[in-house]
Structures are given as C-alpha cells and as structure tokens.
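First the structure, in the form of structure tokens, and then the observations on it.
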Amino acid sequence: MKNILGTELVELILRVLSGGIGILFLVLGLGFLILPEIVAITFFAEPARAVGINSLRGDFGALFLGMSFFCLLGVFSAHRWLLLVPIVFLALVITGRLTSFSVEGLPLVMARTLVSEVLFLSVLSLSLISHSKKSGSQSSPPVFKVLYSTRFLVVLGLVIIMVAGAFMSRRQIGMRLWDSIAASRISRQNVFGKLPDGLHVGLAGTGSPMPDAKRVGVCTFVIAGKHLFIIDSGPGSTLNLELMQVPLGNIQAVLLTHFHSDHIAGLGELMLKAWVNGVRTEPLKIIGPEGVDTVVHGFNQAFSLDAGYRFAHHGDAVAPLEGTGGFPETIEVLDENKGEVVFQTNDLNVTAFLVDHRPVEPAFGFRFDYKGRSVVISGDTLPCDSLRRQAEGVDLLLHEALQPEMLRVMNQAGATSGRDVVTNVSSDILTYHTFTEEAARIARDAKVRHLVLFHIIPPTPAAVFQSAFLGDSRKYYKGPITFGVDGMLFSLPPNSTKILKKWLL
Ligand SMILES: [Zn+2]
Ligand SMILES: [Zn+2]
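With my numbering applied, the sequence shown has no gaps in its numbers, which climb one by one up to 1048 at the end.
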C-alpha cells in the first residue's frame, strides 16, 4: 500500500480527483452566492423567512468557497498540506451529520450525502498521504508536527470530552435553556411597546388561495397611534399575528375586503384569540360589505361550543361569555368617488372604497390617513379608477399582484398532466385580478411613494423568481417596489416622507 500510494500515477490520479472535488465545491459555493434558495434545496435547507437567505449566502457560500480555495491551492501548488483545511472541514461536517443521525434518526437521502462526504474526505486524505510518500518524509511541513504533538492531542481530547459531556447532558441543558427562554418570552413586549407614534403597516399574510410555503392567507395589520386594525383574516394568519407580537386583545376592528375564503378563513380563530387575549367583555367589531353578517354569524355559531368549553374551564377572569365572537357592521359605499369613512378621530381617517372583483360584489379596498401619512390596501381587484383615485399621492400602496405568464405556464403544466379542474380555476383567476405590470402602472399614475405587492399569484418559492414576477414593472414605475413577504413591517413616522422597513418574523 505504501509503495502504491507513493507512485507517480496514483499520486496524479488522486491529485486530479482532488482538483475535481475543489471545482465541485467552487460550483456549490458560487451557487450559494448567486442562487442561494435553489442550491439550498439540494441540501434540504430552506431559508426561514427572507433573512435566512442571508445565512445561506454568507455561511454556506463561505464554507464551500473556502474549502474550494484551499483544495485548489493544495492541488495546484507544491504545498499539498493545504488540503488539510478541506479535510478538517469535511471531518467536522461528517461529525455534525453523525451527531444529527444519532439524535434525529437516519433519513436515506442524507445518508447518500454522508457517503459522498466520506468519499471526498478519503480522496483528499489519500492525496495528501500519497504526496508526502512520494516526496519523502523530509518534506513534511511543520503543520504535521503540530498535529502529532502531545499538546495538540491533549486539547483535541478535551474538546471531544466536552462535546460528549454536553451530548450526554442534553436533556438537562435543554431544560435549563427553556427556563431562561420561557421567562423572556412571557415577559416580551408586544409590538406596540416597540413602535413610536406613526402609521405602521404589517404583512401577516401575503398569499392567495394557492398553497405557498412562505405565505399564509391574506392579512394585514395597521397601527395608527393607539389604534389597531386587522384587514382580512386569511387562513393561518392569526398565528402569524401572534408571532409578530400583535396584541390581539387591542384590536379596534377587523375590516374585511370581501368574503373569498383566502380573506376570511382565519376569522373564527382571530375572534377567539382576541376574546381570550384581551379578556374582552364585548364581541369584536367586524366591518365589511353587505354579507358580513352572514359570515360573522356563521363563525360565531361554529365557535360557540369552543367558547362554552373555555368559559367552563377558565371562567369570567379569562373568558367572559359576553365577549365571545364578533358583531358585524355592514358598510355601504354610497359615493363611488369619495368612498365611505368607517372610522374617524382627530388624527385618523379610515375609508372604504369600491373595487372591481366581479362577480364578487361589493368588494372593498381601504385607505388609512394618519398625521400626514397614508396607505391604501387594494383588496382583490382588477385595475379600477376608484382605486387609482384613492391611491393618489399615498405613501404606501399595498396592491395585489398576479403574474399572467407564470400562471399560464402553470396552466399548461396542469393541462398536460390532466388536472383540468386546477387548469380551469387558474385560468378564471386571470379575469379578476391585477397583473404585476398593471399594479406598477397604477402606482406610477397615482404618484405613489412606495409600491408593495402582496396576494402573490402564483406562489414563487424562491427570491430568484422575483425578477420574472415583476416583468417590466420597474420600467413603468420608478419608485421602490417591495415584493411582500409574511412578517414585513412598514413604519411611516408622522408628518415626514420616510418609509422604514423591518422584519418581525
Ligand atoms: Zn377574492
Ligand atoms: Zn384573494
């Protein structure tokens, strides 16, 4: 074995293979840098929310590019010992994977990845050994002497003992951590305590009826000074509101744009949580177009048994029965130009206006004005004049957006696979929503300061599709366009032109 490893041919073969591994790492590193979400799929590493992309680019990109750099430098120079760097990293990656396997079990797909990594580690190690055999022991670099020194082995032994100790006591460590996390979570401030006076708009749900791994059903919250409004209550959105620390007990009113399921399916849960979180003694006000009473009474009835259980369990101190459910308030928009004021104080004006979502009639959009700042929320609509008028000069326009070309590709795929119902539904969708580029034109015509797209159709699983989704939108509208994602918060300080963006998820 000693002799074979030391031959020219074997050394050359191992060197070429090591070079190949270096190039593979280079491709993966560049992939993580350029298309992080796509490459991450091959590693089953979905980014958690938008900020996770940052870690994919930074951490994964750096790991692979770093390994590639030292791999190729080792292969193409006389300093073959530089291969030690990717060898150490691969050994650590394999250790992490084995630890995970022992804790969470062994998924077959990751076992294949493990085998590749062991193979890479073996090739690089053999290449290193082969080179040192061929060159003779006198050329061994000082780094090997350090590796074999007693001091290094003692430190390595201590690290292994510490890691093993931590692994054995993971249950106690988990409980200790939970102690401190639970206390800080319970005492956490709600979002009100963190926000200065102003108009704040949060995206708790930016999806559509189509399943989207990154977006739940439509829901927006607006905080204007001390007032909190929820606009639409799509499926799953109440949990997002809670994760964003929106104090549901403080809701002034829920405003519904219309009664498609992607805008109301979360209403029962929202009313129930608002009741218990706020120890409400009167039902939650639900404002909407004609038909809102049918929706609210239906949810009230569906949740009445649960309300009874909670009262029986917790009593008046937590769940006073008189505060359960919601009470509907029907709004009729009489003036198509001005809309209808649904809430008013000295500083705040909330206006409902008609939009075109036929055959859903009537359907609303909403406008909020607070201390010189303004936002319009489109609801579901075709491009229409009333929305253009209401959006005139607003700071923020939240507009629904549909990308027709991407949807047509989906329709064709549905037709090819024989899923006719899916194809029919998604063809019909084209006739009562606003295309992305049309939303951009509306923002341009109305001289809007900032356009936020939401109610995204079709679902775009990765940020890399955003550019395709926008099409030529940036040609039509020169202001900033934000591709709405669950968890975003826009803050508009009073009497200013600033628009600040944050992530609460
Ligand atoms: Zn709709
Ligand atoms: Zn919708």
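Even for Gly, the Cβ is constructed at its ideal location relative to N, Cα and C.
For the alpha helix (DSSP H) containing residue i, name the first residue and the last one.
i, result
"M949", "P947 to T959"
"N1038", "Segment: none, N1038 is in no alpha helix (DSSP H) and carries neither H nor E."
"I985", "T979 to D988"
"E785", "S780 to L786"
"F854", "S847 to H857"
"F735", "V734 to K737"
"G777", "G777 -> no alpha helix (DSSP H), and no H or E assigned at all."
"H806", "S804 to I807"
"N597", "G595 to S598"
"R819", "The sequence given here has Val at residue 819, not Arg. Element bounds for V819: L810 to G821."
"K1018", "S1016 to Y1019"
Does the beta-carbon of residue i, which I'm using as the reference point, lie nearer than 7 Å to any heavy atom of ligand 1?
i, result
"H803", "yes"
"H1061", "The question about residue 1061 has no answer, for the chain in this structure spans 544 to 1048."
"H900", "yes"
"V903", "yes"
Cβ of residue i within 7 Å of any heavy atom in ligand 2?
i, result
"D923", "yes"
"V761", "yes"
"S611", "no"
"S751", "yes"
"H743", "no"
"H998", "yes"
"H993", "no"
"H942", "no"
"H840", "no"
"H806", "yes"
With respect to the beta strand (DSSP E) encompassing residue i, which residues constitute its N-terminal and C-terminal limits?
i, result
"I1024", "I1024 to F1026"
"P871", "G869 to T873"
"L699", "Note, L699: premise wrong, no beta strand (DSSP E); alpha helix (DSSP H) at T693 to M711."
"A1005", "Here A1005 belongs to no beta strand (DSSP E), and DSSP marks it neither H nor E."
"F997", "H993 to I1000"
"K1045", "L1043 to W1046"
"K828", "L827 to G831"
"V759", "First-last for V759: undefined, no H or E at that position."
"G745", "L742 to G748"
Which one of the options has the shortest CA to CA distance from residue i?
i, options, result
"P1037", "F854, G915 and L696", "G915"
"A862", "F911, K828 and K816", "K816"
"I556", "L798, L671 and A983", "L671"
"K757", "T1040, A1006, S1034 and F1012", "A1006"
"P871", "V631, G563, V646 and A796", "A796"
"V618", "I584, A767 and E554", "E554"
"A934", "D971, V646, K881 and N889", "K881"
"M1031", "V734, T1003 and A855", "V734"
"G574", "A621, P902 and L606", "L606"
"C762", "T800, M753 and N793", "T800"
"G792", "F772, S780 and T894", "F772"
"L950", "D971, G736 and R992", "D971"
"L810", "P790, H840 and Q788", "H840"
"Q946", "V876, R992, I564 and Y975", "Y975"
"F663", "G563, G572, L897 and K688", "G563"
"N597", "C614, L578, T585 and M711", "L578"
"G609", "L626, K677 and G595", "L626"
"I766", "N820, Q788 and Q844", "Q788"
"E785", "G601, H803 and F764", "F764"
When DSSP labels each residue in this structure, what does residue i get in the three-state scheme?
i, result
"P579", "helix"
"V797", "strand"
"L771", "strand"
"H840", "helix"
"F764", "strand"
"A588", "coil"
"G717", "helix"
"G572", "helix"
"L973", "coil"
"E879", "coil"
"L861", "Here residue 861 is Val; the residue named in the question, Leu, does not match the sequence. In this structure, V861 counts as coil in the three-state DSSP scheme."
"V885", "strand"
Closer than 7 Å to a non-hydrogen atom of ligand 4 - does that hold for the CB of residue i?
i, result
"I596", "Among the ligands present in this structure, namely ligand 1 and ligand 2, ligand 4 is not found."
Write down every uninterrupted run of the beta strand (DSSP E) in the region 602-687 whose length is 3 residues or greater and which is fully enclosed by it, in chain order. none
If we require 3 or more residues per run, which beta strand (DSSP E) segments fall completely within the region 887-940? List check, beta strand (DSSP E) in window: 891-900, 903-913 and 916-920.
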